[in-house]
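Chains as they are written, first to last, in the working numbering: chain A, 1 to 261; chain B, 262 to 584; chain C, 585 to 874.
This report concerns only the one structure given below.
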Amino acid sequence: MLSAQGLVKRFGGITATNNVTLNLCRGARHALIGPNGAGKTTLINLLTGVLDPTEGRIMLDGHDITTMAPHQRVKRGMVRTFQINQLFDTLTPLQTLALTVSQYYGYGLQWWRPLGGNRDVTERCDQLLEQFHLSEVMNQPTHELAYGKRRLLEIAIALACEPRVLLLDEPVAGVPAGEREELLHTVAALPADVSVLLIEHDMDLVFNFAKRMTVMVNGAVLIEGDPDTIANDPQVKAVYLGTGEEVGPADEITGAEAHRV
Amino acid sequence: MKQSAQASLLRSSRLKLWEPAFWLIAMASPWLLSSQALIINEIAIVALFAISLDMILGYTGIVSLGHAAFLGMGAYSAALFAKLVMPDPLVGLLFAMFVSSLLGAICSLMILRGSDLTRLMVTLAMSLILMELANKLDWLTGGTDGLQGVVMGPLLGRFEFDLWGKTAASYSLSVTLLLFIQMRRLVNSPFGATLMAIRDNRLRAMAIGIPVNLRLATIYIFSAGIAGAAGALLAQTSAFASLDVFAFDRSADILLILVIGGAGWLYGGITGAIVFKLMQDILSSITPQYWTFWVGLFLVILVLAGRERLIRPWTWFGGTSHK
Amino acid sequence: MLTILFDGIAYGMLLFILAVGLAVTMGLMNFINLAHGAFAMLGGYITVLLMQRFDVPFLLCLPAAFIGMALLGAALERTLYRPMYKKSHLDQVLFSIGLTFMAVAGMTYFMSSSQQIIQLPEWLKGRTELGEGAWTLGMGHYRIFIIVVCAALTLGLQYVLARTCFGSCLRASVDDQRVAAGLGINVNLVFLATFSVGSGLAGLGGAMGAEVLGLDPSFPLKYMIYFLIVVAVGGTSSLTGPLLAALLLGIADVAGKYYIPKMGAFIVYSLMIMILIWRPQGLFVRKGGK
Numbered sequence: 001m002l003s004a005q006g007l008v009k010r011f012g013g014i015t016a017t018n019n020v021t022l023n024l025c026r027g028a029r030h031a032l033i034g035p036n037g038a039g040k041t042t043l044i045n046l047l048t049g050v051l052d053p054t055e056g057r058i059m060l061d062g063h064d065i066t067t068m069a070p071h072q073r074v075k076r077g078m079v080r081t082f083q084i085n086q087l088f089d090t091l092t093p094l095q096t097l098a099l100t101v102s103q104y105y106g107y108g109l110q111w112w113r114p115l116g117g118n119r120d121v122t123e124r125c126d127q128l129l130e131q132f133h134l135s136e137v138m139n140q141p142t143h144e145l146a147y148g149k150r151r152l153l154e155i156a157i158a159l160a161c162e163p164r165v166l167l168l169d170e171p172v173a174g175v176p177a178g179e180r181e182e183l184l185h186t187v188a189a190l191p192a193d194v195s196v197l198l199i200e201h202d203m204d205l206v207f208n209f210a211k212r213m214t215v216m217v218n219g220a221v222l223i224e225g226d227p228d229t230i231a232n233d234p235q236v237k238a239v240y241l242g243t244g245e246e247v248g249p250a251d252e253i254t255g256a257e258a259h260r261v
Numbered sequence: 262m263k264q265s266a267q268a269s270l271l272r273s274s275r276l277k278l279w280e281p282a283f284w285l286i287a288m289a290s291p292w293l294l295s296s297q298a299l300i301i302n303e304i305a306i307v308a309l310f311a312i313s314l315d316m317i318l319g320y321t322g323i324v325s326l327g328h329a330a331f332l333g334m335g336a337y338s339a340a341l342f343a344k345l346v347m348p349d350p351l352v353g354l355l356f357a358m359f360v361s362s363l364l365g366a367i368c369s370l371m372i373l374r375g376s377d378l379t380r381l382m383v384t385l386a387m388s389l390i391l392m393e394l395a396n397k398l399d400w401l402t403g404g405t406d407g408l409q410g411v412v413m414g415p416l417l418g419r420f421e422f423d424l425w426g427k428t429a430a431s432y433s434l435s436v437t438l439l440l441f442i443q444m445r446r447l448v449n450s451p452f453g454a455t456l457m458a459i460r461d462n463r464l465r466a467m468a469i470g471i472p473v474n475l476r477l478a479t480i481y482i483f484s485a486g487i488a489g490a491a492g493a494l495l496a497q498t499s500a501f502a503s504l505d506v507f508a509f510d511r512s513a514d515i516l517l518i519l520v521i522g523g524a525g526w527l528y529g530g531i532t533g534a535i536v537f538k539l540m541q542d543i544l545s546s547i548t549p550q551y552w553t554f555w556v557g558l559f560l561v562i563l564v565l566a567g568r569e570r571l572i573r574p575w576t577w578f579g580g581t582s583h584k
Numbered sequence: 585m586l587t588i589l590f591d592g593i594a595y596g597m598l599l600f601i602l603a604v605g606l607a608v609t610m611g612l613m614n615f616i617n618l619a620h621g622a623f624a625m626l627g628g629y630i631t632v633l634l635m636q637r638f639d640v641p642f643l644l645c646l647p648a649a650f651i652g653m654a655l656l657g658a659a660l661e662r663t664l665y666r667p668m669y670k671k672s673h674l675d676q677v678l679f680s681i682g683l684t685f686m687a688v689a690g691m692t693y694f695m696s697s698s699q700q701i702i703q704l705p706e707w708l709k710g711r712t713e714l715g716e717g718a719w720t721l722g723m724g725h726y727r728i729f730i731i732v733v734c735a736a737l738t739l740g741l742q743y744v745l746a747r748t749c750f751g752s753c754l755r756a757s758v759d760d761q762r763v764a765a766g767l768g769i770n771v772n773l774v775f776l777a778t779f780s781v782g783s784g785l786a787g788l789g790g791a792m793g794a795e796v797l798g799l800d801p802s803f804p805l806k807y808m809i810y811f812l813i814v815v816a817v818g819g820t821s822s823l824t825g826p827l828l829a830a831l832l833l834g835i836a837d838v839a840g841k842y843y844i845p846k847m848g849a850f851i852v853y854s855l856m857i858m859i860l861i862w863r864p865q866g867l868f869v870r871k872g873g874k
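In structure tokens, the structure reads:
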């Protein structure tokens, strides 16, 4: 579905991304982990077109998208969320979703009908607001919302584009414990044929979610494999997970995190 | 009681009761206040010009110091059209809008790249270049003396432009209303919403599939056309066009109007225009040459105190103001 | 032709001194200060007043203009400008336009709107000619003076920036304000000092330039675009960028007005537009810089 081959990104003397290859099949549940500064967000920026790669290719559904502009990649079904919320602060969640859905359905250039004038758009908005528990706050300007709601909106916007490949950049970062459940539930409930790449530091979430994992360190891929292999790999433990007890889906991770390099 | 998405959205874009009332009074004002017809004409023109800037500034977030380029282009196009081709005002208006939009298309290439500062520069330079151009091509434009000898034909074949300005005011008001209706539609539409998305967060707008540069160019061209219409009205109702129509003052004036009335709100341009013109009238009669001083002082105080506060008087004395 | 080059260089160096404060302010505080030209104008007027009313010799007026404008700049930075740093660019533009309007109108009120004439001291009048024919280099003495003073100032600025403690604090703050503050650098003081010196230099430039550029209340508005060009094209991350941009601008303007007088200011504006389209961040920005 999505394939990045030999991606390299250099900024002057710094190689932020060093020969990274990543493959997502249809319906993938793929996690990307690694210490801070490993280049995970840079990789997402390369995949989505925010940055141009120095070398390498990106294929989406068989098409070479390496030189495609970001908005065109979205049209082809690759959508991302941001680690730091990127929202439209003066607009309400309803307006935000309505404009996203309108754009997706092709009404982006319609200047003569009101925003609420397309039935298919408004119905989809009702659906999304319901799904993300944003209905009560749908008419409040985004800058007034609580952090947890803003995070939900962040993801809702991405899903409003009906992605075929979804890149989630630390979706639960900074979300209070009480509101995590909502988010985790939504992530788990994503349609089965959507390919998801998840960047996260919360190992609970990662091991519960992922069927395959890639570990990145210093801009390069250290290892790729299924969760069990990764969890027990000595190199990964040394670099990231920590050399405490064995790490797995049901385990406490606090001890391991304390040893993290 | 939960409202559906459709109901909420439509409610905010629905025509408010006071809107038709306002426009009825506005359209009738040249007759109700016939001694003020001239200033009503000026208010309508500057309001239209201000709203054209609001399209790119308030709704899309493009900072421009040179919108007068389009005002001037429209003015000179309309005046030259009347003088050299045909004196019909409406055809001239359409021609002027077309020419300004063309200029807008050319300029849009330059405002897409670079920072706010680059944009300020380029937009300012455009209006200065045009002023120089108009100055140098004095065989066509009359140079510093202005374009003389423009005689307008009757509007719609029947209504002559009279000395008291009633026809002029009605003409300007009608054109302003017509264009306003289009712009009102636009800002409440999906297209308008994408513009606001670009304004609020360009990165995210790109990330949801909005072709940002195309949209920026589109609204810029549209805004240029509207500004050109304002310029055409100016030239046609005064039967004259001069270099000061490109001057920086014009661009600064509408910035001030949007500051007074509130940017990002169509009626902001209108209320700002009314207040501005009336203030200008009053202050000019008190201190004719130094009116710019008070404008400057007003701007400084306003910005220091916080622009949002002007349109929310309850925040003037220590209330909370939302960003 | 050599004379044109010479005049262009003089003009360019003058523009640099006038605009350097603006460039540093913009790079340091991310503040678009369109009122910078007003400081230059006031510097010019101080010189005129001192010479005409108090018979102060020209050479003494120059430091007076510098000091006066530096003090004014410091006062304004502390009171008016500081709250403006956090505001949006639009707000800053409106604010500085407002100040400019006030300055222009104020000067018209106090000094009348006519051009001010500066009487240069005898030893600065006159011209020296070298070479002959097409290669004549005609150097007006005043222009030599300008070049010398501006070159000295430039070298001084470069020295301060590169060699002194303050210079490194300044460069650190330009690169990353938060980190600089975190290192214990008193960023507020850096801002104050920088703005003050920048305004002082503008005042000095205005005083020196009154003879060459003309001095009347509309000076800030007339020359605003030139300063902005220097900053936009030269970038805000170094001294050499604006210097080269100013020289380019000076030479282009003088040459343009001489060889193709019909086009006049066009050349400059069109050149600027072309450069900015080609390199929106400016011509001389180092890679990775702001």
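For each residue, glycine too, the CB sits at the ideal point set by N, CA and C.
Asked: Pair within 9 Å by beta-carbon distance, residue 17 of chain A and residue 53 of chain A; Found: yes
Asked: Rounded Cβ spacing between residue 799 of chain C and residue 628 of chain C (contact assumed at less than 8 Å); Found: 4 Å
Asked: Simplified DSSP state of residue 204 of chain A, which is helix, strand or coil; Found: helix
Asked: Residue 53 of chain A at chain F interface by Cβ criterion, 9 Å; Found: This model lacks chain F altogether; the protein chains it does include are A, B and C.
Asked: Simplified DSSP assignment, three categories, for residue 795 of chain C; Found: helix
Asked: Whole-angstrom distance between residue 203 of chain A and residue 190 of chain A, CA atom to CA atom; Found: 19 Å
Asked: C-beta contact flag for residue 132 of chain A and residue 115 of chain A at 9 Å; Found: no
Asked: Secondary structure of residue 9 of chain A, DSSP reduced to three states; Found: strand
Asked: Proximity below 9 Å, CB of residue 556 of chain B to CB of residue 517 of chain B; Found: yes
Asked: 9 Å Cβ cutoff, residue 542 of chain B in contact with chain C; Found: no
Asked: Residue closest to residue 755 of chain C, alpha-carbon to alpha-carbon, out of C:662, C:618, C:745; Found: C:745
Asked: Extent of the continuous alpha helix (DSSP H) run through residue 656 of chain C; Found: 642-660
Asked: Inside the segment 67-144 of chain A only - beta strand (DSSP E) runs reaching at least 3 residues; Found: 78-80
Asked: Secondary structure of residue 166 of chain A, DSSP reduced to three states; Found: strand
Asked: C-beta contact flag for residue 118 of chain A and residue 105 of chain A at 9 Å; Found: yes
Asked: Distance between residue 416 of chain B and residue 351 of chain B (C-alpha atoms, nearest Å); Found: 7 Å
Asked: Beta bridge counterpart(s) of residue 690 of chain C as assigned by DSSP; Found: For residue 690 of chain C, which the question treats as bridged, DSSP gives no partner whatsoever.
Asked: Residue 413 of chain B and residue 500 of chain B closer than 9 Å at C-beta; Found: yes
Asked: Cβ pair count under 8 Å reaching 3, the segment 604-612 of chain C against the segment 670-680 of chain C; Found: no
Asked: Per-residue DSSP class, three states only, for residue 19 of chain A; Found: strand
Asked: Strand pairing of residue 673 of chain C, partner residues [DSSP]; Found: Its beta-bridge partners do not exist; DSSP assigns none.
Asked: Residue 614 of chain C versus residue 170 of chain A - alpha carbon distance; Found: 31 Å
Asked: Cβ pair residue 833 of chain C, residue 810 of chain C closer than 9 Å; Found: yes
Asked: Alpha-carbon to alpha-carbon, residue 533 of chain B and residue 523 of chain B; Found: 7 Å
Asked: Residues of its chain near residue 467 of chain B, where Cβ-Cβ distance is below 7 Å and the 5 sequence neighbours each way are ignored; Found: 473
Asked: Heavy atom of the ligand MN within 8 Å of residue 451 of chain B beta-carbon; Found: You won't find the ligand MN in this model; it holds no ligand whatsoever.
Asked: Cβ contact check for the segment 337-354 of chain B and the segment 451-470 of chain B: 3 or more pairs under 8 Å; Found: no
Asked: Residue 236 of chain A beta carbon less than 9 Å from that of residue 200 of chain A; Found: no
Asked: Assigned exposure category for residue 163 of chain A - 16 Cβ within 10 Å defines buried; Found: buried
Asked: Helix, strand or coil at residue 32 of chain A according to DSSP, with G and I counted as helix; Found: strand
Asked: Neighbour flag for residue 553 of chain B against chain C, beta carbons, 9 Å; Found: yes
Asked: Proximal chain C residues relative to residue 371 of chain B, where beta-carbon distance stays under 9 Å; Found: 857, 860, 861
Asked: Span of the alpha helix (DSSP H) around residue 558 of chain B; Found: 552-566
Asked: The segment 479-493 of chain B contacting the segment 265-274 of chain B, beta-carbon criterion three pairs below 8 Å; Found: no
Asked: Three CB pairs or more closer than 8 Å across the segment 680-691 of chain C and the segment 814-822 of chain C; Found: no
Asked: Close Cβ partners of residue 216 of chain A (< 8 Å) along its chain, the five nearest in sequence each way excluded; Found: 20, 32, 33, 34, 38, 39, 40, 43, 222
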